[in-house]
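In this text, residue positions in the sequence shown follow my numbering: the first is 182, and each later residue adds one.
Just so you know, even glycine gets a beta-carbon here, dropped at the ideal spot from N, CA and C.
Since we're looking at a predicted model, the values are computed, not measured.
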Amino acid sequence: MNAPMPAALKMTAAAATAWPRADRTVAWSALQGHAEAHGHALDLRQLFADNPERARRLSVQAPEVWADLSRAHWDVATRRHLLDLARECGLEARRDALLRGDIVNATEGRAALHTALRAPKGSGAFGTHIGEQVHAELDRMLAFAESVRARAGGAQPGDIHDVVHIGIGGSDLGPQMVVAALDAWVHPELRLHFISNVDGQDLAALLPRLQAQHTLFVIASKTFTTQETLANARTARQWFCDQGGTDVARHFVGTTTQVQGAAAFGVTTTFGFWDWVGGRFSMWSAIGLPIALAIGEAAFRELLAGAHAMDGHFAQAPLEDNLPMWLGLLDVWQRNFMGYRSRCLAPYSQNLRRLPAYLQQLVMESNGKGVDVDGQPLPYATSDVLWGEPGTNGQHAFFQMLHQGSDVVPVEFVLVRQPTYRDAEAMSPALRASLAEQHRMLLANGLAQAQALMWGKACEDALGETAPTAAPDVPREVIARHRTFPGNRPSLTLLLDALTPRSLGALVALFEHRTFVSGAIWGINSFDQWGVELGKALCQDLLPRLDSGDVAGLDAATAQLLTRLRGA
Ligand code: F6P
């Protein structure tokens, strides 16, 4: 769908270059000097001992999210230099340009107006034209979702029991993450399935569990050209027809900017969005249809409202109190000056199990860039590697490395004060009490890990604990050294009162804006993703060769593998 940008907002990338690149600022040099003189020597234990107010001072309340940033490796001077850097790089002006709808994605000539998708009706924030289009399409999509939900689980043909969402990347990760997170809100008569990988194993395993007349397929693709999605959609359609299904128009709907492409594929019921919605920012648009099907109109609107509240905070809170700003600046500090190459996201919430995967695309597809907006190679590092698993599972896997490994990896804890369970009303008091105890265990584990990372354990303390009989042949000192924790390992904590549509919306928007902030400081285009294209093009060349066996012009390694894969 093509909604013209308001003429007044058509500013180009030249605006970005009006600001100096980060490494050419005075603040950057100051930060380098500060890191060398102090940063690497900062000890969290000492910082807390020196300042009893540290925890309170370095906590920020944003809409729905409270953040404790006190366990990061920074001090007052660090933050002062970072604020200077933000000012020299024109961070607030760049934020305003983003939120105004300027062309911040210069290589594709587009704005990045995901915030317009969650602005309330009639706010007029992005010009009437955009607001009207957004709300017309939102209302249509939500009405459709409600009509499906009204008859979900029914016995009549066409009553839906299973929704199969087919999409990949930004057309998959958001809806999948949100539907898992908001399990307690999901319609009890609807099962949601997400198919993304071109590997047909996923679909082949699911199809025998479905009934064609009770299944709705949602084909989600911004471009409607993505190989994986079209392949899965073709297979799904084949299965539907094999089952005697005839009403493709009713059982297949599309969410796309390319309504004509979808129609050419045979999908005629479509919900649209616009090219100024980036794939990884699209769960608020029609791409969120499976979310709306799962949780319904009211809860979907709450999700949007939570994100909008965070947008307001990002737009209006002064730099010093602005949580996305601080998080983005912390990312720059940790990456470029402390030299941390990765960060671990540990949601202490099983329902947030897909959050690390979601954020991997958001952070690394946005900021995994090597040139600035002018195409000049960057002399400094950009995106770190984001990875993670929910706690407490991660504790029994990679936390060993976080506590005692040779690399320092900042950990981001997400804690949820109050759990929300599906069918909680139907539970016996004893069952509720048992679950409440488990939740306390979950929180205590999260608290303990952050504590252990910071405090560590001295060798003398470990020695005192080491029983002489533990391993009689190994000197106690040696065992104690293995049981020593260096401590002084950084972390931060994001706390939600409860995981609700509103708080989840705010949390996701927080990460979106934080990613923009670090990208703006780095002077890169956070909204394109050319790095995914080369592999796609090479795949198009190799696909027919797997059939023909033609290896002409291929490098020796690829030719050898291809031949083996053909079983030749
Ligand atoms: O992986 C590259 C990418 O272009 C993502 O940016 C996007 O979210 C995904 O592919 C899916 O694209 P589409 O929605 O067009 O199918």
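Asked	Found
Bridge partner(s) assigned by DSSP for P528	V595
Touch test, the segment 494-512 against the segment 689-699, Cβ-Cβ under 8 Å, three pairs minimum	yes
Top-ranked residue by Cα proximity to V597, from R281, L677, D492, R268	L677
Option in D364, Q419, A362, E370 with minimal Cα separation from A385	Q419
Extent of the continuous alpha helix (DSSP H) run through A306	Careful: A306 lies outside any alpha helix (DSSP H) and carries neither H nor E.
Sequence-distant residues of its chain with Cβ nearer than 8 Å to N626 (five each side left out)	Y529, G572, T573, Q576
Three-state class that DSSP yields for P560 in the structure shown	coil
Closest residue to Q710 among T674, L735, V544, D555 (Cα-Cα distance)	V544
C-alpha distance - P389 paired with L624, whole-angstrom precision	40 Å
Pairwise C-alpha distance: A216 and G704	21 Å
Heavy atom of the ligand F6P within 7 Å of E546 beta-carbon	yes
Buried/exposed call for A189, threshold 16 Cβ in 10 Å	Any reading at A189 must be qualified, since the residue scores a pLDDT of 36, below 50, and its modelled position is unreliable; no value is offered.
Assumed close pair G442, T416 - CB separation to whole angstroms, cut-off 8 Å	So it is not a contact: roughly 18 Å between Cβ atoms.
Inter-residue CB distance, L691 and V246 (contact presumed, cutoff 8 Å)	6 Å
For H374 and D343, believed in contact at Cβ under 8 Å, the rounded distance	6 Å
Q710 Cβ short of 7 Å to the ligand F6P heavy atom set	yes
Residue burial classification, A749 (beta-carbon count within 10 angstroms, cutoff 16)	exposed
Proximity of L583 and C525 at Cβ, strictly below 8 Å	yes
Among L559, S304, N532, D565, the one whose alpha carbon lies nearest that of E546	D565
Nonlocal neighbours in the same chain, by C-beta distance under 8 Å from A211, ignoring five residues either side	H262, D265
Nearest neighbour of G425, chosen from V367, L504, L470, P338 [CA to CA]	P338
Exposure of P560, with buried meaning 16 or more beta-carbon neighbours within 10 Å	exposed
Beta-carbon proximity of E370 to G334, cut-off 8 Å	yes
Pick from A562, D502, A401 that is closest to T248, judged by C-alpha positions	As written in the sequence, residue 248 is Ala, which differs from the Thr given in the question. Closest option to A248, Cα to Cα, is D502.
Cross-strand partners of A401 (DSSP beta bridge)	T436
Secondary structure of W420, DSSP reduced to three states	helix
Same chain, Cβ closer than 6 Å to E409, neighbours up to 5 away in sequence not counted	I349, V379
Identified DSSP bridge partners for N286	R291
Near the ligand F6P: K302 beta-carbon under 7 Å from a heavy atom	no
Outcome for M622 when other beta-carbon atoms lying within 10 angstroms are tallied against a minimum of 16	exposed
Cβ contact (3+ pairs, closer than 8 Å) linking the segment 285-300 and the segment 482-494	yes
Backbone secondary structure at I376 - three-state DSSP	strand
Span of the beta strand (DSSP E), counted from its first residue to its last, around F750	One cannot answer for residue 750 here, as it falls past the ends of the chain, which runs 182 to 749.
Start-to-end residues for the beta strand (DSSP E) that takes in L677	672-679
Local conformation of W636 per DSSP, three classes	helix
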